[in-house]
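Trainee: As you go down the protein sequences, you meet chains A and B in turn.
Under the numbering used here, the first sequence has 106 at position 103, and the numbering climbs by one with no breaks.
Under the numbering used here, the second sequence has 359 at position 348, and the numbering climbs by one with no breaks.
Where a beta carbon is used, it is the ideal one built from N, C-alpha and C, also for glycine.
Okay, handing you the structure first.
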Amino acid sequence: MVLLTGCKKSETAANAPATEIVVGEYGSLTGSEATFGQSTHNGLKMAVDAINAQGGIKGKKVRLVNYDDQGKTSEVGTAVTRLITSDHVIAVIGEVASSLSIAGGQIAQQNGVPMISPSSTNPKVTETGDYIFRVCFVDPFQGLVMARFATDPKNKGGLGLKKVAILIDQRQAYAQGLAKYFEDSLTKIGGQVIDKESYQGGDQDFSAQLQKLKQAQPEAIFIPGYYTDIANIAKQARAIGITAPLLGGDGWESVQDQGGDAIQGAYYSNHYSVDEKRPEVVNFVSKYEQMTGKKPDSMAALAHDAMMLLKDAIERASTGAEANGIPSHKAVRDALAQTKDFQGITGKITMDEHRDAKKPAFVLKIEGKTSPIAYTLAP
Amino acid sequence: MAEKLSAETPPNAPAPRVFLRSIVPVAIVFAFAFAVQLAIPSGTYSEKILFDIGVNVILAVSLNIVNGLTGQFSIGHAGFMALGAYGSIVVTYYGGYALFGDVLRHDTVAGYSLYVASMIVGGLTACLAGYIVGLPSLRLRGDYLAIVTLGFGEIIRVLLQATPAVLYPSEMQEVPGISRIFHLGGALGFSHGQSYNSLGFTWGAVAITLLIAYRLRESTHGRAFLSVRENEIAAEAIGVNTTRYKVNAFVLAAFFAGVAGSLFAHQLGAGTASRPEEFNFMRSFEIVIMVVLGGMGSISGAALAATTLTLLTEVLREVQDYRLIAYSLLLIIMMIVRPKGMLGTREIWHLFRSRRSTVNNRRSTFTGEGA
């Protein structure tokens, strides 16, 4: 039955006059990483609505088709294949988790359809091929930023520390990668990793690892995990008397809602801060709050940037000989690759030769309900 | 092992029947796999769905050998699948490098022979693990076995997470020979998988699995499995070595799960298909659900349930956010309406035959139909 409907859809799409541009999205709308998927989807929807309100791209309305992948690679394969072969999308936007972006990217690459990952920070994502782009920074850069922030003297905005311990979530490739890059950068610039402990994402009790970390007496603890565990870790660390500042990566966002007092004074690197005063940011935050009633996290901001960047690229791409007035996949890819100083919500985006976005990273300090920028590093 | 089992025929059967039973199904199998390969264009949505169905059918039918035919309760099938996936991808990636000097896909006879070899290696890896886990734990019964198999699946997942990154060709020289195979990519998954698979391989494997499962059940071994399921003490009393048969069932099921894992690891967009998180206990449960829904002990039932559930997740894509709620709801309704599963212990062809003949019920007495 599905096979039949699948065929029917592709026929109508092929015969239809090109009055609209179809953009595909795949993401974890259900599953353990659903919060990221939902934010990404909201950011995209908001961008598409804004584009259509202004008359679309090249006079054509944009239609967003999104499929849930439940956070599984096998489902990613199905979703991306369907987007490309049945829905005939101009480009694919997704995923948050890097391993899922790699899986989806391989299919997009094989079909010669451009893909933009809004927030996958693992370097391997864009290694998949020349049709794969991203609008966020990569983990080696994020690791470097946190290492520099920890070791830079206080008058340069850093913490002026040398001895750092790391607590790694073994379940997440993101955490494993970021921990490695942080350690590499730190040792290179004269810092020292004095202890490494690990946990499994979803654990409830971290006392064994924290006791060991406490005995090592680090000046700071770097915990590159997801916010769901961080709140627990911070509370338990404070309870056993660890006073060293806690450092983290962009997976920490939303930790403020759950961490309470324990997380105060901690630092994490991120793509932007909701509390920034740049007009784009203020405008985006207020519109997003109107739509969803929540403050936008960086997943939403990056997704918004990905869509706007795609719009920009489609507009720049030459329509060539295409009868329907929509540029070819190749033309869109070439335009994306030439992106220079594109002004997004998360900063100015320039695509480098690896199709990774070159843009600054921010270190945010958790202060009450706000998270002001404590440190900025440009690439 | 598989061939030995499928060749079990009564010694006094006339030659034409032996031929019909052994050669013809195999020929049909390959003709069918070949037809599927030709009929469905590569890289399409239909291909991907048919692939998912194929893998799930193999998993469900193989778990049915343990849970359905032998009456044990294993919930660690995804662990064997993981071993098969990693075992095979190591062969095509690191083995491919040793053989061809690069890690690309080779669309040559040598490339595909390597892939077939990798499937067998994947299956055997899972087999070996099945033997090691099964031998001590199959002396346990019921809940205890479930806990052991669940634990096994999780151990495999956690071990795979702790492995170092996959080696690039440029890094191969730094790591000597055999120790390369432990570079499995950690939590990110084996990030350089090549999509060797096609529907021909998938459905060839499906058909072989179905054939062996069916012939197995009709053989002496199968009867022993069934006797263990129906009454272990009685089985032991008539001289069935229950532990041995349980281990046999377990090892055979592990082999096919390993083959399913190899197919999975080389699918379209194989990049990170082999990812530890992909083989967590949720997947094990999905397979158990397929077996229970199809009817414990029914081979065609397991296949039918695997097909239905895979299609169901796709059809329910239309309702987006409510997909998993709808899916679970349908399962609950199904189990209330038909607690025996779709087919109970019968096979799909019994539905058409049962009224016509009551004399020709030799099979049903053995399979426990109507009990």
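Output, in sequence order along the chain, the residues in the region 23 to 43 of chain A whose CB is closer than 8 angstroms to any CB in chain B.
Mentor: Per Cβ criterion, the list reads LEU32, THR33.
Trainee: Is it true that the region 316 to 331 of chain B meets the region 273 to 280 of chain B, where meeting means three or more beta-carbon pairs spaced less than 8 angstroms apart?
Mentor: Segments in contact, no.
Trainee: CA-CA distance, A/GLU98 and B/PHE363?
Mentor: Near 48 angstroms, if we compare the C-alpha coordinates of B/PHE363 and A/GLU98.
Trainee: Ignoring anything shorter than 4 residues, give me the alpha helix (DSSP H) runs that lie fully in the region 197 to 276 of chain A, in order along the chain.
Mentor: Whole alpha helix (DSSP H) segments, 4+ residues: 210 to 219, 230 to 242, 258 to 262.
Trainee: Does any CB atom of chain A fall closer than 8 angstroms to the CB of B/LEU362?
Mentor: Chain A, which has no Cβ nearer than 8 angstroms to the Cβ of B/LEU362, makes this no.
Trainee: Only counting runs of 3 or more residues, tell me where the beta strand (DSSP E) segments fall wholly within the region 122 to 164 of chain A, in order along the chain.
Mentor: Within the region 122 to 164 of chain A, the complete beta strand (DSSP E) runs of at least 3 residues are 135 to 137.
Trainee: Which full runs of the alpha helix (DSSP H) of 4+ residues lie inside the region 265 to 345 of chain B, going along the chain?
Mentor: The qualifying runs are 292 to 305, 310 to 326.
Trainee: Select from A/PRO363, A/ALA381, A/ALA111 the residue whose C-alpha is nearest the C-alpha of B/GLY54.
Mentor: Among A/PRO363, A/ALA381, A/ALA111, the Cα nearest to that of B/GLY54 is on A/ALA111.
Trainee: Could you round the C-beta distance between B/THR103 and B/GLN205 to whole angstroms and report it? I think they count as a contact, below 8 angstroms.
Mentor: Correct: roughly 6 angstroms between the Cβ atoms.
Trainee: If you draw a straight line from the C-alpha of B/ILE158 to the C-alpha of B/VAL303, how long is it?
Mentor: Computed Cα separation, rounded: 18 angstroms.
Trainee: Consider the Cβ of A/ALA176: report whether some Cβ of chain B lies at a distance smaller than 8 angstroms.
Mentor: Yes, A/ALA176 counts as interfacial toward chain B.
Trainee: With distances taken from CA atoms, which of A/ALA56, A/GLN259, A/ASP278 is nearest A/ALA269?
Mentor: Checked all of A/ALA56, A/GLN259, A/ASP278; the closest Cα to A/ALA269 is A/GLN259.
Trainee: Let me know if B/VAL370 comes out buried or exposed under the rule of 16 or more other beta-carbons within 10 Å of its beta-carbon.
Mentor: Because the pLDDT of B/VAL370 is 45, which lies under 50, any placement of that residue in the model is unreliable, and the number read from its coordinates should be weighed accordingly. Answer is exposed; the Cβ neighbour count stays below 16.
Trainee: Kindly list, in the order they appear in chain A, the residues whose Cβ is closer than 9 angstroms to that of B/ILE249.
Mentor: By Cβ distance, chain A contributes nothing, its closest Cβ being about 44 angstroms from B/ILE249, past 9 angstroms.
Trainee: Within a Cβ cutoff of 8 angstroms, which residues of the same chain sit near B/ILE166, ignoring the five residues on either side of it in sequence?
Mentor: Only GLY90 meet the Cβ criterion.
Trainee: Report buried or exposed for B/ARG152, applying the criterion of at least 16 other Cβ atoms within 10 angstroms of its Cβ.
Mentor: Exposed, because fewer than 16 other Cβ atoms sit within 10 Å of the Cβ of B/ARG152.
Trainee: Determine contact between the region 51 to 68 of chain B and the region 267 to 276 of chain B, defined as no fewer than three beta-carbon pairs at a distance below 8 angstroms.
Mentor: The region 51 to 68 of chain B vs the region 267 to 276 of chain B: in contact.
Trainee: CB A/VAL366 to CB A/SER272, shorter than 8 angstroms?
Mentor: Yes, the Cβ-Cβ distance between A/VAL366 and A/SER272 is below 8 angstroms.
Trainee: Here's the rule I'm using: 16 or more other beta-carbon atoms within 10 Å means buried, otherwise exposed. How should A/GLN145 be labelled?
Mentor: Buried: at least 16 other Cβ atoms inside 10 Å.
Trainee: Going along chain B in order, which residues have a C-beta closer than 7 angstroms to the C-beta of A/ILE226?
Mentor: Chain B residues near A/ILE226: none, gap ~16 angstroms exceeds 7 angstroms.
Trainee: Quick check on the DSSP output: the beta strand (DSSP E) that includes A/ARG66 runs from which residue to which?
Mentor: Counting along the chain, the beta strand (DSSP E) containing A/ARG66 begins and ends at 64 to 71.
Trainee: Do A/ASP90 and A/VAL68 have their CB atoms nearer than 8 angstroms?
Mentor: For A/ASP90 and A/VAL68, yes; Cβs fall inside 8 angstroms.
Trainee: Would you report the Cα separation of A/THR131 and A/VAL83, rounded to the nearest angstrom?
Mentor: Near 15 angstroms, if we compare the C-alpha coordinates of A/VAL83 and A/THR131.
Trainee: Could one say the Cβ of B/THR369 lies closer than 8 angstroms to chain A's Cβ atoms, at least one of them?
Mentor: Only weak support exists for where B/THR369 lies, its pLDDT of 48 falling under 50; the coordinates are left without a value.
Trainee: With A/MET354 as the anchor, note down where its beta strand (DSSP E) starts and where it stops.
Mentor: Note, A/MET354: beta strand (DSSP E), 350 to 354.
Trainee: DSSP three-state label for B/VAL127, please.
Mentor: Helix.
Trainee: Return no unless some Cβ of chain A is closer than 8 angstroms to the Cβ of B/ALA337.
Mentor: It does not; no Cβ of chain A falls within 8 angstroms.
Trainee: Relative to the C-alpha of A/THR81, which candidate in A/SER101, A/ALA106, A/ALA100 has its C-alpha closest?
Mentor: The option with the nearest alpha carbon to A/THR81 is A/ALA106.
Trainee: Measure from the alpha carbon of B/ALA93 to the alpha carbon of each residue in B/THR119, B/LEU74, B/GLY133, then state which is nearest.
Mentor: Comparing Cα positions, the closest option is B/GLY133.
Trainee: Which of helix, strand or coil does DSSP assign to A/GLY347?
Mentor: It is a strand residue.
Trainee: Determine the extent of the alpha helix (DSSP H) in which A/LYS333 is found, giving its start and end residues.
Mentor: Note, A/LYS333: alpha helix (DSSP H), 332 to 340.
Trainee: Residues of chain A with a CB under 8 angstroms from the CB of B/SER202: which are they?
Mentor: Near B/SER202 (Cβ distances below 8 angstroms), the residues of chain A are SER102, ILE105, LYS127.
Trainee: Chain A beta carbons: is any one of them nearer than 8 angstroms to that of B/ALA198?
Mentor: Output row for B/ALA198: interface = yes.
Trainee: Against chain B, does A/GLN207 count as a neighbour if the rule is that its beta carbon must be under 8 angstroms from one of theirs?
Mentor: Cβ-Cβ to chain B under 8 angstroms: no for A/GLN207.
Trainee: Considering just the uninterrupted stretch of the alpha helix (DSSP H) at A/SER188, what are its terminal residues?
Mentor: Note, A/SER188: alpha helix (DSSP H), 176 to 191.
Trainee: Return yes when the Cβ of B/PHE292 is within less than 8 angstroms of the Cβ of B/GLY164, no when it is not.
Mentor: Result yes, Cβ atoms of B/GLY164 and B/PHE292 sit closer than 8 angstroms.
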